[in-house]
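Asker:
There are 2 protein chains.
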Amino acid sequence: MTSRRPLSFQEIILRLQEFWAEQGCLIWQPYSEKVGAGTMNPATVLRALGPEPWRVAYVEPSYRPADGRYAENPNRMQLHHQFQVILKPDPGNPQELYLESLRALGIDFRRHDIRFVEDNWESPALGAWGLGWEVWLDGMEITQFTYFQQAGGLPLDPVAVEITYGLERIALYLQGAPSVWDLDWDGVHTYGEILKPSEIEHCIYNFELADIERLRELFQHYEAEARACIARGLVIPAHDYVLRCSHTFNLLDARGAVGVTERARYFARMRDLARQVAQLYLQQREQMGYPFLKKAPPAPASAPAPAPPTVETAEDFLLEIGTEELPARDLEAALAQLSENARTMFEESRLAYEALEVYGTPRRLVLYVRRLQPRTQPIETWVKGPPAHIAFDPEGRPTPAALGFARAQGVPPEALTVRDLPEGRYVGALKRAEGQPAAAVLAGLLPRLIASLKFELSMRWNGSGVAFSRPIRWLVALYGREVIPFTYAGVFSGRETRGPRPKGSPRIRLEGAADYFPAMRRARILVSPEERRARIRKELERLAAEVGGTVPEDPELLAEVGNLVETPTVLRGRFDEEALRLPPEVLITVMRKHQRYFPVVGPEGQLLPYFLAVRNGGRQGLELVRQGNEAVLRARFADAAYFYGHDTRQPLEAFLPRLATLTFQEQLGSMLDKTRRLEALAPAVGALLGLSEDEMRALARAAHLCKADLATQMVIEFTELQGVMGREYARRCGEPETVATAIFEHYLPRFAGDALPQTRPGIALGITDRLDSLVGLFAVGLAPTGSADPYGLRRAASGLIQILTAHRLRFSLSKALSAAASVQPVPVSREVLEEVHSFVIGRQRAALQEAGYRYDVVEAALAARGDDPAWAAETAGGLQRAVERPDWPRLLASYSRCVRILRKAESEGSLPAPAVDPALFREEAERRLWEAVQAVRGRVRPESPVEDLVGALEALAPAIDRFFEDVLVMHEEEALRRNRLALLWAVAGLADGIADLSRLEGF
Amino acid sequence: MTSRRPLSFQEIILRLQEFWAEQGCLIWQPYSEKVGAGTMNPATVLRALGPEPWRVAYVEPSYRPADGRYAENPNRMQLHHQFQVILKPDPGNPQELYLESLRALGIDFRRHDIRFVEDNWESPALGAWGLGWEVWLDGMEITQFTYFQQAGGLPLDPVAVEITYGLERIALYLQGAPSVWDLDWDGVHTYGEILKPSEIEHCIYNFELADIERLRELFQHYEAEARACIARGLVIPAHDYVLRCSHTFNLLDARGAVGVTERARYFARMRDLARQVAQLYLQQREQMGYPFLKKAPPAPASAPAPAPPTVETAEDFLLEIGTEELPARDLEAALAQLSENARTMFEESRLAYEALEVYGTPRRLVLYVRRLQPRTQPIETWVKGPPAHIAFDPEGRPTPAALGFARAQGVPPEALTVRDLPEGRYVGALKRAEGQPAAAVLAGLLPRLIASLKFELSMRWNGSGVAFSRPIRWLVALYGREVIPFTYAGVFSGRETRGPRPKGSPRIRLEGAADYFPAMRRARILVSPEERRARIRKELERLAAEVGGTVPEDPELLAEVGNLVETPTVLRGRFDEEALRLPPEVLITVMRKHQRYFPVVGPEGQLLPYFLAVRNGGRQGLELVRQGNEAVLRARFADAAYFYGHDTRQPLEAFLPRLATLTFQEQLGSMLDKTRRLEALAPAVGALLGLSEDEMRALARAAHLCKADLATQMVIEFTELQGVMGREYARRCGEPETVATAIFEHYLPRFAGDALPQTRPGIALGITDRLDSLVGLFAVGLAPTGSADPYGLRRAASGLIQILTAHRLRFSLSKALSAAASVQPVPVSREVLEEVHSFVIGRQRAALQEAGYRYDVVEAALAARGDDPAWAAETAGGLQRAVERPDWPRLLASYSRCVRILRKAESEGSLPAPAVDPALFREEAERRLWEAVQAVRGRVRPESPVEDLVGALEALAPAIDRFFEDVLVMHEEEALRRNRLALLWAVAGLADGIADLSRLEGF
């Protein structure tokens, strides 16, 4: 197989066409519109809808303008060729068919690392999504494999399996070519000879030339025609225009002409069209009576489920749920649930055992129960019947009521007993349930157990209607040597498990549950996640040490990678030191995010030109696998270097004008407009935060530059590097370090647990940016609703609060919001400002509660000091400590008495005197209280820490208590009454500006 | 082969891909834009340019909006699938490769009628054209086969062979399906199940829904983007937009929104773009150094040409030029030239023979010379030297001059002779050229003979640079049993001819020239066109008689058909009588024009439901061939019925509003505007022609309706049926017969030799229409220039004259033109009217000369009566008869004397007296002449027939002659002189308004 001349590009296509035609696929043609993927061909996106079966295969030259690299990248281009296969319904073994097709191309999966890596696909433009994988061949994505769940906003039933081969990448492997441009197309021409000139031209057109205004108009025309077609019920003509909308949008995007908000609006328009087209198509098919339904092969008659076996002794029990590759995250969640739910359900079913263990790999979830008893524990239950006085006549003879109850319960009347219950004496029957055979119980329990596993995203794949993380393909349920028979998701339980993918997933027959671990060991499958992680960790260390490096701790990546393989083998690859000229953040982002590689650092923490990758499988063909991974990383780094090179041809500031083409929000203008607002608003924010003159200068410059990197190619490609690249590029063009840092910091924190800005210009800029977004977007009616927060305003508000709180910065929200309002291009009403204000306070409330503060404490602090988040947080802290004091109820009670009586008096028309007049005191207690109040009044002011207030309350409490014992506040003589009320008013007023104690529990 | 399951649609594609991949073709993909044909894919239209070799094959779903039939036609759709193959350069045997590919699909050409029917392809939008054929399979076009000559306005060198399979039609044959909708696509689905719904939708969109204004704007946007791309040097992005322009134009066209002129402008815009794209592509390739040139296989070393053989006796000589299928017209022209040129060249070369004959079929041009003498006839020539007195000294001895001359001529001085020539006595040498071996002469002559054959359209196909009607593939040149060796167009002469196509063109070796006719007879090839025609004629008669019918004489069709086959076999097919409900003109048009079938008429001249087709080949598989032809005609008639049905859903008048979307000419408005002008102008024309009141009413109604059929689908499809359908539809909706007839007649005559309108409303309307076009188009500057006459104004003017002349209608052109000017939407200047006037007179002049009138006669008539064409024609007739009289020179001389002396006198300042005063007569001759003049003056008036003038001249001649003998006109006495001049003036004036006799020869 290896000595043969490798297939040419066109032979690969012919081979795939033949292969899939033999699998009953209709061979279809590329579409007559520029599409981004074969999915958009009506043969997929429309035929996938509705109940009719459909199998199709075709090539699709796919245009993705933003992916263009002027032919400078070895495998990234604006035009690539997909080979698209749709299998609907799921044939039950689509992964195996796919692997066979690779074999037909000469790809021997034993010598390569073929992996199914989670990839949840979504096309906002088509209102479509699905769950599945990227298929990696030695680290390179060669195929997208998706269970298509929805299209045109409509759920798919049955689900369609979508297999999308990246033809160039497969050819790269088969031919061992260094770049797509070197691929042999037909035995005569290279791929580059055929397509490189047009690739470069398209890049120039897409990135530099396409007329933005004209594209916008084209989009509108297309949309209008699409709507006209929809109104007339024309599916395909409408769809064609949707595709043109989509491609036109992609061009606009490549030209950098679409802002975040505009993007959302374009998507909404396209999705709406796609949804209508999908509905129209379905209506059409329905009216035609779903003609393809007649073409479905008849369903096989299902065999009757066998009876559960008889097991008489305690035996180990094994449940293995065999799946297609589970996402790492889902595997973890599933194991936790499996353990917990199994324990609960076994207990509820009174199944007794010695130990219960769970294990798992991407392809199997394992429940192993040691020494499960053959029968459930017996149980006696007393069933309550009629009241005793009704059940027996005065003679103690059972009445017809008792007889009827006994009959219903199936016991003789003599067996009825009487019990004293809280509600009286009742007749009842004691019923004993004997232990059930565990086998039979398991047969009923296991389907429920599997069904109890829930996932963040789950999918359907066949007619069973079951949803799971990924399809379930086999079930092993062995109790001792016996199969526990049941069906789930259309799969019958049995005794056959499957070996590793790299061996072709051979079927392995288990004689009994106890065979399981030895069998897995023989297959070199590590079923324990811990064991896999440990092995990976050890190999990582060893391989890093070999080149004098170490691997920085990265538990997240380790956990993920450990859950992507069954047989982990770590390999070390090298990359060109040239690449080290790029910022390490960039390289690490590429390695971690895109490739799940571990970086290697040297003794000084500097990045070394190595990476560590974990393959699935043993050492067979490891050298090939390493070469493959190196080639992939080379392409990835080339991509990054390409961006870096393009971006650094001009200073950062030069990108500013292009921000004009990035819409922030339609009414709020472009990112350039936003930049102008930041520049205008930053001084006010800086002033509120008391920045020095130097800091103010840095702030102003950083405000000017902070968004510029959004127009750089690196950030357009790797959005997560925004700020990082801004800092990098600012440094490179000689901006002061304070400015560069502020640019980076203004995005902090980017996610929960992220670092916070540390420099004052960075802090001020971060706050400025968030204030502008909050006020502006609220003003144009884009406040978050329900779970929808497309502009991340919740995160913006939380970040604002985190920064202020962490740095204990005194700050007036309302002043800052007013300042932000004054720079907006739209009117900002009073109501809007209040809305933003309470939105931010709402985030503070959530944050404080999450920090463990009592609800009422939070409310008390916020009611008084919400306008200053840091201050409110400190207050809440102090108050929380206060309410935890044992004497707090007393302190609060005395204070609240003051307040309550004031409220009551007020409601009855009695108001306090304007001031306390000691001359009107009649009782000693009045004088004492007045003295006490005067004593604390000097120490407790609205701006005092809450601790001072608590101290004051402590000091006042005895005087207050005495006052209420000795004094009748609501004296009939008005002057006395009003003076006493004034005294209490003075007490109550102590908390003003500090906390609203009336919000506290126990008040 | 016949028992196998037929290939499915997709298997046909796979099979063709494999076949052509094996022929070294790169397998390419359908294009990502909607194209009308695979040609528009850059893999053809661009790669065909320049010197680089290129072989490619691909499927192309091709969209032709106007071809949509709402899926009601069995094989005509707006979307069909082409399989496109490009072979560049010509491999030398592309037809054979093609036929092999059909064999690979299981089409056995022995059982079918496979024909290469001339089809000269042109894409105005791409600035591309080529010569070649439609390939017919049993009457159905299944492939276009083209030698691509030009693309983007640039000549192609080398020429590319383009083979375009119609995949559906091939599948129809293979599967024996009644309609494309029934084709098996993949063994599961039919073609209709996959594509019928979208076909109907596209038709609705294309014909009814697409927004015309929006399409126009899209076109402009696309054009603008294309221009921007061109300016930036981006070939493919520019090309993509050209394709979008093209498809958008096609949609506008399908919506009926493009008038004749607008169409020309759109084409010009697209062609201009295509030309620029082509140039850009070529520049790009040139800058790259034409990289594919390196991929061309090395040219085989050419063998040295052998020496001509030795032939010693008179033998028959055979030249057979073996070609790919020649167009019928070219075959006829070639044979005529071959005969004439061969005779001339043989004579010039002094080749003597007994008889020279030519024969030919579409695949061979044959020159057969009987008993060609083995040597050319010897010849003696006398070469003139120096004058005798220089060549010899007085003693008669040769001077150095004579010696030098003798040496130069290679004769001894003694052989010099002296001859008396008109210019004097000269020395000369008599040289005898001995007869040359005919074989050697032929070897030199034959290439020149072939090169002397010229065609209306000729093509290049290989590197030889030779142009011919179609490629020359073999040459037989046998003189007796010997080959005359020569090379032409890269082909070596030899002794192998080829048998018939239906037998796979087997090579047939000829031992000698005399074998030729027996060999052809054995192969059943009739090399004589007359023989083929005779056989066809006989079979036509027999087969028509069998069903009680006859075949109307149709020499044109018979000649064409006879030249399309080598072995004619006539077959009779039947069609559904249902079809007879369509107008016979429609059926006949379809049969004759599209299919070259002969219609069969019954005893009453009514069309019978049969057709007669001529196949190439014998009777093998005749039944299959008949079925195939019937199926084709069924589809064609279904098409016509579809149009008829659609058109007659509403009255003819209802089509009028849609004329608003048909532009007549941008400044002159739509066809509806033209209709309004016809309505306004017709009464004036009718009045000039003296129509009755009834006729005027019919004329008005006909003017209103006469253009309406242009908006009907039938006429949009079959333009030649304009007027015919108008009449038909007018009748159907109850218009009076006079109106219906006028609608039809107003187009008459449509071509040279066509019938003329016979009814007066028809005549008047035809004149009106032509006047409007002439005046309007001249006014906007669109008068014909050089050979360009895009609006057919020459034909319009000629028609006008023919009608007037044939019906001898008195008519004032100038009045009519003024009336036409008054209805134009643009100003019409005096100069323009004069220009039109003299343009029309110019056509009249040409017509009269063509009718055989002497140039001077025509001038004399036109000078006086050009404003009234019929009158001018009659005058020319009379004058022509006069000038043919033996006494005419005398008559003219006497008249001209009068005129000439008047002119001379005038130039000397002597003017005739205002009137003749008999009192001033001095001579008898004066009086006599005066009496004679007075005698004829009553009979000869400006409106008199020219014969009266001639009679008058005859009567006057003696008196005039006498006058000049006896009278001195230029008498010194002024009164006498002026009176005499006045008398001559009266004579001269007799011709006024009748003819300008001074234009005649001999005047």
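These protein sequences, in sequence, are chains X and C.
What the first sequence shows, in my numbering, is residues 1 to 1003, in sequence order.
What the second sequence shows, in my numbering, is residues 10001 to 11003, in sequence order.
Every residue, glycine too, gets a C-beta built ideally from N, C-alpha and C.
#1: Taking Ser-10818 (chain C) and Ala-10796 (chain C) to be in contact with their CB atoms under 8 Å, please state how far apart those CB atoms are, rounded to whole angstroms.
#2: Which class does Gly-686 (chain X) belong to by DSSP, given the choice of helix, strand or coil?
#3: Among residues of its own chain, excluding the 5 on either side of Arg-810 (chain X), which ones have a beta-carbon nearer than 8 Å to its beta-carbon?
#4: When DSSP labels each residue in this structure, what does Trp-28 (chain X) get in the three-state scheme?
#5: Comparing the C-beta of Asp-10186 (chain C) with each C-beta of chain X, is any distance below 8 Å?
#6: Counting only beta-carbon atoms, is Glu-10201 (chain C) nearer than 8 Å to chain X?
#7: Which residues, taken in chain order from the stretch 10045-10067 of chain C, show a beta carbon closer than 8 Å to some beta carbon of chain X?
#8: Could you work out which residues of chain C lie near Leu-154 (chain X), taking near to mean beta carbons separated by less than 7 Å?
#9: Measure the Cβ-Cβ separation of Val-10056 (chain C) and Leu-10026 (chain C) and say whether it is below 8 Å.
#10: What residue does the alpha helix (DSSP H) around Gln-10220 (chain C) start on, and which one ends it?
#11: Let me see if you follow: with CB-CB separation under 8 Å, is Pro-291 (chain X) close to chain C or not?
#12: Using DSSP with H/G/I as helix, E/B as strand and the rest coil, what is Ala-10523 (chain C)?
#13: If we cut at 8 Å on Cβ distances, does Asp-515 (chain X) have a partner in chain C?
#14: Any C-beta of chain X within less than 7 Å: which residues of the stretch 10217-10232 of chain C qualify?
#15: So, helix, strand or coil for Gln-283 (chain X), using DSSP?
#16: For Gly-10602 (chain C), which residues of its own chain have a beta-carbon under 7 Å away from its beta-carbon, when the five flanking residues on both sides are left out?
#17: Please compile the residues from chain C whose C-beta is within a distance smaller than 8 Å of the C-beta of His-189 (chain X).
#18: Assign Leu-809 (chain X) to one of three DSSP states: helix, strand, or coil.
#19: Under a Cβ-count criterion, where at least 16 other Cβ atoms within 10 Å of its own Cβ denotes burial, should Met-1004 (chain X) be classed as buried or exposed?
#20: What's the C-alpha gap between Met-10001 (chain C) and Glu-10011 (chain C)?
#21: Please list, in chain order, the chain C residues whose beta carbon lies closer than 9 Å to that of Asp-90 (chain X).
#22: Between Ile-10763 (chain C) and Ala-10702 (chain C), how many whole angstroms is the CB-CB distance? I'm expecting something under 8 Å.
#23: Do the stretch 283-298 of chain X and the stretch 332-348 of chain X touch if we need at least three Cβ pairs shorter than 8 Å?
#24: Could you tell me which chain C residues have their CB closer than 9 Å to the CB of Lys-34 (chain X), listed as they occur along the chain?
#25: By the DSSP assignment, the beta strand (DSSP E) with Gln-10665 (chain C) in it spans what residues?
#26: With a threshold of 16 other CB atoms inside 10 Å of the CB of Ala-10433 (chain C), please say whether the residue is buried or exposed.
#27: Using only the alpha-carbon positions, how far apart do Phe-267 (chain X) and Ala-226 (chain X) sit?
#28: Below 8 Å between beta carbons: does that hold for Ile-10901 (chain C) and Leu-10968 (chain C)?
#29: Restricting to Cα atoms, I'd like to know which of X:Val-383, X:Val-775 and X:Thr-805 is closest to Ala-816 (chain X).
#30: Report yes if the C-beta distance between Gln-82 (chain X) and Glu-60 (chain X) is below 8 Å; otherwise report no.
Answerer: Taking the geometry as given:
#1: Between Ala-10796 (chain C) and Ser-10818 (chain C) the Cβ distance is about 18 Å, and since that is not below 8 Å, they are no contact.
#2: helix
#3: Asp-868, Ala-870 and Trp-871
#4: coil
#5: yes
#6: yes
#7: Val-10059, Pro-10061 and Tyr-10063
#8: Simply none; closest approach about 18 Å.
#9: yes
#10: 10212-10232
#11: yes
#12: coil
#13: no
#14: Glu-10217, Leu-10218, His-10221, Ala-10224, Glu-10225, Ala-10228, Cys-10229 and Arg-10232
#15: helix
#16: Gly-10548, Gly-10549 and Leu-10608
#17: Leu-10026, Phe-10292 and Lys-10295
#18: coil
#19: Since the first and last residues shown for chain X are 1 and 1003, residue 1004 (chain X) lies out of range.
#20: At Met-10001 (chain C), the pLDDT of 39 sits below 50, so the modelled position is not reliable and the matter cannot be decided from this model.
#21: Simply none; closest approach about 18 Å.
#22: Contact doesn't hold; Cβ gap of about 11 Å is too wide.
#23: no
#24: Ser-10032, Glu-10033 and Asp-10240
#25: 10663-10665
#26: exposed
#27: 15 Å
#28: no
#29: X:Val-775
#30: yes
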